[in-house]
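Colleague:
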Amino acid sequence: MMRVMPDTGSQRNDASGNYARFVGLGITLMLIFGLPTVVGFVLDRLVGTLPLFLLVGLAAGFVGGMYYVYRALQKLGG
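Start counting the sequence shown at 3; every next residue gets the next number (the working numbering).
1) Return yes when the Cβ of T39 is within less than 8 Å of the Cβ of L2, no when it is not.
2) Count the C-beta pairs between the region 60-71 and the region 27-44 that are closer than 8 Å, then say yes if the count reaches three, no if not.
3) Which word fits F24, buried or exposed, when buried means at least 16 other C-beta atoms lie within 10 angstroms of its C-beta?
4) Straight-line CA distance for V44 to G28?
5) Would you mind reading off the limits of the alpha helix (DSSP H) that contains G59?
6) What's the gap between the Cα of L57 and the Cα of G42?
Here it is as structure tokens:
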């Protein structure tokens, strides 16, 4: 009787695929949250209304991030 060795290569590919997917998700969320916040900060520096656009950018980033997570969970769930 021959012993069949488990295929560890496919397990590695699955793990690296999941790792890449989660890294991509993290980078995307960082950009969705961070970019509007930075733009708001820069606008505040130019206009001179320090907390106003920063808070607007932060809120826009939060709403955008939550929408992105919602859409990702919808795709995952079917």
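Positions of the beta carbon are idealized from the N, C-alpha and C atoms, including for glycine. Since we're looking at a predicted model, the values are computed, not measured.
Modeller: In short, the structure shows the following:
1) What the structure shows of the chain is the stretch from 3 to 80, and residue 2 is not part of that stretch, so it cannot be assessed.
2) yes
3) exposed
4) 24 Å
5) L52 to G79
6) 7 Å
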